[in-house]
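One structure is given below, encoded as C-alpha cells.
In the numbering used here, the protein residues as written are 12 to 113.
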C-alpha cells in the first residue's frame, strides 16, 4: 500500500479505492479526498507568499488520516474516541506545520 501511495495523486474517492484496493466507507473516502484537496489548496496559497516553496508529504498525511480513523469508533451515531486519537488529530489540525518541508 505504501508503494502505491508514493506514486499516487488522487482527486476522488474512486481513485483512492481503486489504487489502494481498500474497502472503506465511501463517506470516509470522500472526506479524505475533500480534506486532502483543502490542504493542498492551503499549501498553494501559502507558497504564493514565499520565495521558497514548501513541499507536501502526502504519504504521511494519508497514513495519519487513516490511523486517526482507526482510533475512532461510531456507536449509535456517536463517535467514541479511543486512546491514541489525539496524536494524529493534533497533526492533522495543523498540516502545514507537520507535513510540509521547506
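Just so you know, even glycine gets a beta-carbon here, dropped at the ideal spot from N, CA and C.
From residue i to residue j, what does the alpha carbon distance come to, in whole angstroms?
{"i": "residue 78", "j": "residue 104", "result": "14 Å"}
{"i": "residue 38", "j": "residue 62", "result": "38 Å"}
{"i": "residue 70", "j": "residue 59", "result": "23 Å"}
{"i": "residue 68", "j": "residue 111", "result": "6 Å"}
{"i": "residue 48", "j": "residue 66", "result": "14 Å"}
{"i": "residue 16", "j": "residue 64", "result": "Reliability of the predicted coordinates at residue 16 is poor, the pLDDT of 49 falling under 50, and the value obtained from them is presented with this limitation in mind. Approximately 22 Å, taken between the alpha carbons."}
{"i": "residue 52", "j": "residue 42", "result": "15 Å"}
Starting from residue i, trace the alpha helix (DSSP H) both ways and give me its first and last residue.
{"i": "residue 57", "result": "37–58"}
Suppose contacts are defined by Cβ-Cβ distances below 8 Å. Is residue i in contact with residue j by that definition?
{"i": "residue 107", "j": "residue 73", "result": "no"}
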